[in-house]
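Encoded as structure tokens, the structure appears first; notes follow it.
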Amino acid sequence: MSGVMTFLTRRRGGRFWHWTDIVSWLWLAGGLVIMFGPAVWLVGSSFKTPAQLAEFPPTILPYVSQQATVEGHDKPLTLYSVKLPDGSTKVLAELRRIGIVAQMVDPKAPDDIVKVNIANREPVREIGFATENYTEPFVHFEFLRYLRNSVFVTAMATLITLLTNSMAAFALSKYRFRGRDLTMLLIVGTLMVPLSVILVPLYSVVSAAGLLDSLWGVILPTVATPTGVFLLRQYMLTIPDELLDAARMDNASEWQIYWRIVLPLAAPALAVLAIFSVVWRWNDFLWPLVVLSRKELYTLQVGLNTYAGQLNVQWHFILAMTVVTMIPVVLVFVFLQRYITSGIAGTGLK
Amino acid sequence: MSAAATLKALTGAALAAPVVWLASIVNVPLKWWQRVTGTGGMAAFFLAPNMAIFGIFVVVPLVINFFYSATSGTAYFLQDRSYVGLEQYQRLLDCGSYLDTATCREDLFWKAVHNTGLFVVVQVALMTIVSMITALILNREMVGRSFWRAVFFFPVLLSPVVTGLIWRWILQRQGLLNLIVHDLGGEPYNWLTDRFWAFTAAVSVSVWAHMGFYTLILLAGLQAIPRDLYEAAEMDGTRPARVFWRITLPLLMPNLLVVIVLALIRAVQIFDEVYVLTGGGPGTSTLYLTQYIYEIGFASLLRNPGLASAASILMGLVLVVLTLLQLQVGRRGERKGARE
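Sequence order for the protein chains is A and B.
The first sequence maps to residues 4 to 353 in the numbering used here.
The second sequence maps to residues -2 to 337 in the numbering used here.
And the structure:
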């Protein structure tokens, strides 16, 4: 037995566990719970019925009440486990409830009505998923429209960002012209101009451009990202100029050099920027909130906030919609997280 | 080639075809432009789209913000507004005592300033400490380091609205936190209706959401510290605490300062997740500057874009100071790097 313990606690280098190792592992385990726990709880809750969401204390897993069809009744009836006066328990189906008394029948003998005090019964439940939380918002709310708006904004903004940022980065890394350093400084300088500082005048500019209450009004102000220009320029600087000169010898135009040589070579940096841009635009909140006032133009984030801000919050739908909103980002996390962390470590930007 | 692979190649080509075709069409006028203007003209062409968008949606608003803050009225177009000089600033700064918001003419603004000040101090301190501990632990030799790094990074990617809603759900009356409190024998509580707990929640949730980002920066700094320094210290039998204070902390200082300043800049602008979490409440206890600007500028019945614009300029000034601080810190870090 002590041999097993020695084996388990042995570390590389032959030393035994130091107290700092224990603290470290506790911290990491706690981190795992705190970082993922809330999201897992959200997903679990999103499959609960409204009645279950109102329960306290809440259950960890989602349950649904069992129902049975009883002869002589069209609708399926909810089953309860009832404690009868003689001390035995029996599974009965509820017909109707009047005050604290429920009229119930035995599914096997549907003719005898038993009156039961509701304190003496408990619903029969099994683990089950209330998938209607997911299907109904698509039908009853404009959720599908919000989803489409968000996808449109994210896709368009990312495409335009990739094109305009890469063109600017190409000019700033491969040409010498007067004012180049000044332009670069201006771009990097505006990294420091946050939306909240120019919120009001930006609104009036967008409104003067006639872009108010349109998805393009959401897209255009966000696409010229300084981070993107910076990231791509740093990458393009590593592409040797000889390659470009060789292409010029072969009579390639500047546009062809950009399109056929530099862009394919900058693909890794473009991929990082694309991932960043998708996450940014998908998650944008304040700007769409200000620009969009027509409900059918809302993006997911704005729509979610609106539903969650209503007096009578329908949590069962909100939770399911939150999960759907989270999915693309979780996919990015699972498959592309490496690129983002290397992007941040490389540039120190987000 | 198998049928599936052929199909895949064909669809790929079909999808790419319009783009390739478009690019070659664009090439025709551009060749002409290149002949007329030379490569200088081409540089202008490549810069134009980005700089145009940038000018219209960043530089122009930045400039007109100053004019805007000198006008009054509820109209959004500058030409429909009347010039009032510095009145908006006077209104914002008109206070009996800056420490007591009740004596201020624009008490909501000062409420937001006080709240933001307290939030920034507590949040940045907590953020720095938590990120630092996590980075130090992740820097140890361990199994699955990249997995653990990813664990702490997960919330960084979540949208602020999702973050706010997740935590609202946990902190509500029938929520997970009350389940834990209940299981420990306590009474369930409405956390977000209590001033102290709403503030604590705002701080904790924003730390939860962003600490992964700062941990990454600190971890990059820790990994850049040469291993041989630690080996030398071990050979001398230096105590671990001393190693931390004498080697790790001084060499990490540039990264640590960057983290602190970045966290300061972001904390001053805090909005999204707290707005979704508490809506600024209870009362005005978690109302922060950006929410003030948003509500005065757009949302409330007392709409006054000029006032919001003046408030945003004052906030911008604070951010400029912090940014200059960051540049200073960054330059010092670079010089230090050059010496080594």
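Built from N, CA and C at the ideal position, the CB exists for glycine as well.
Query, Result
"Within 9 Å of chain B by C-beta, residues of the stretch 273 to 288 of chain A in sequence order", "Val282, Trp285, Asn286, Asp287 and Phe288"
"Residue-chain proximity (Ser27(A), chain B), Cβ-Cβ < 8 Å", "yes"
"Cβ-based neighbour list, Thr157(A), same chain, cut-off 6 Å, excluding 5 preceding and 5 following", "Val281, Arg284 and Trp285"
"Straight-line gap, Phe338(A) to Val255(B) (C-alpha atoms, nearest Å)", "29 Å"
"Contacts of Leu31(A) in chain B (Cβ-Cβ under 7 Å)", "Ile134 and Trp145"
"Proximal residues, the stretch 242 to 269 of chain A versus chain B, C-beta separation under 9 Å", "Ser256, Glu257, Trp258, Gln259, Tyr261, Trp262 and Arg263"
"Touch test, the stretch 114 to 131 of chain A against the stretch 58 to 78 of chain A, Cβ-Cβ under 8 Å, three pairs minimum", "yes"
"C-beta atoms of Tyr238(A) and Ala269(A) nearer than 8 Å", "yes"
"N- and C-terminal bounds of the alpha helix (DSSP H) containing Ala6(B)", "Ala0 to Phe51"
"Start-end ranges of the alpha helix (DSSP H) lying completely within the stretch 292 to 350 of chain A, minimum 4 residues", "303 to 312 and 318 to 350"
"Cβ-based burial, Ile126(B) [other Cβ within 10 Å; buried from 16]", "exposed"
"Cα-Cα separation, Leu289(A) to Gly38(B)", "38 Å"
"With 16 other Cβ atoms within 10 Å as the buried cut-off, status of Asn120(A)", "exposed"
"Best match in Ser256(A), Ala249(A) and Met195(A) for proximity to Leu319(B) [C-alpha to C-alpha]", "Met195(A)"
"Contacting residues, own chain, Cβ-Cβ under 6 Å from Val119(B) (five flanking each side not counted)", "Val200"
"Residues, ordered as in the chain, of the stretch 176 to 202 of chain B that lie near chain A by beta-carbon distance below 7 Å", "Leu176, His179 and Pro185"
"When Val85(A), Trp258(A) and Trp219(A) are compared against Lys28(B), the one with the closest alpha-carbon", "Trp258(A)"
"Enclosing alpha helix (DSSP H) for Tyr66(A) [first to last residue]", "Per DSSP, Tyr66(A) belongs to no alpha helix (DSSP H); it is in the beta strand (DSSP E), Tyr66 to Ser68."
"Reference Gln317(A), options Pro140(A), Leu165(A) and Ile222(A), closest by Cα", "Pro140(A)"
"Contact list for Gln31(B) against chain A, beta-carbon separation under 9 Å", "Ser256, Glu257 and Trp258"
"Alpha-carbon spacing of Tyr272(B) relative to Cys101(B), whole angstroms", "24 Å"
"For Leu82(A), the first and last residue of its enclosing beta strand (DSSP E)", "Leu80 to Lys86"
"Contact residues within the stretch 31 to 45 of chain A, judged by C-beta distance below 9 Å to chain B", "Leu31, Gly34, Leu35, Ile37, Met38, Phe39, Gly40, Pro41, Ala42, Trp44 and Leu45"
"Closest by C-alpha distance to Thr225(A), when choosing among Asn315(A), Gln106(A), Arg236(A) and Leu165(A)", "Leu165(A)"
"Chain A within 8 Å of Thr36(B), Cβ atoms only", "yes"
"Burial state of Lys51(A), where buried means 16 or more other Cβ atoms lie within 10 Å", "buried"
"Complete runs of the alpha helix (DSSP H) confined to the stretch 239 to 320 of chain B [at least 4 residues]", "246 to 265, 269 to 275 and 286 to 291"
"Cα-Cα separation between Val221(A) and Asp180(B), rounded to whole angstroms", "46 Å"
"Chain-ordered residues of the stretch 157 to 170 of chain A with a beta carbon less than 8 Å from chain B", "Leu166, Thr167, Asn168 and Met170"
"CB-CB length for Ile343(A) against Phe279(A), believed under 8 Å", "7 Å"
"Per DSSP, the bridge partner or partners of Gln106(A)", "Arg99(A) and Lys118(A)"
"Euclidean distance between Cα positions of Gln340(A) and Ala147(B)", "7 Å"
"Buried/exposed call for Thr3(B), threshold 16 Cβ in 10 Å", "exposed"
"CB of Ser27(A) within 8 Å of CB of Ile222(B), strictly", "no"
"Buried or exposed by the 16-neighbour rule on C-beta atoms within 10 Å, applied to Lys118(A)", "exposed"
"Euclidean distance between Cα positions of Ile267(B) and Trp188(B)", "20 Å"
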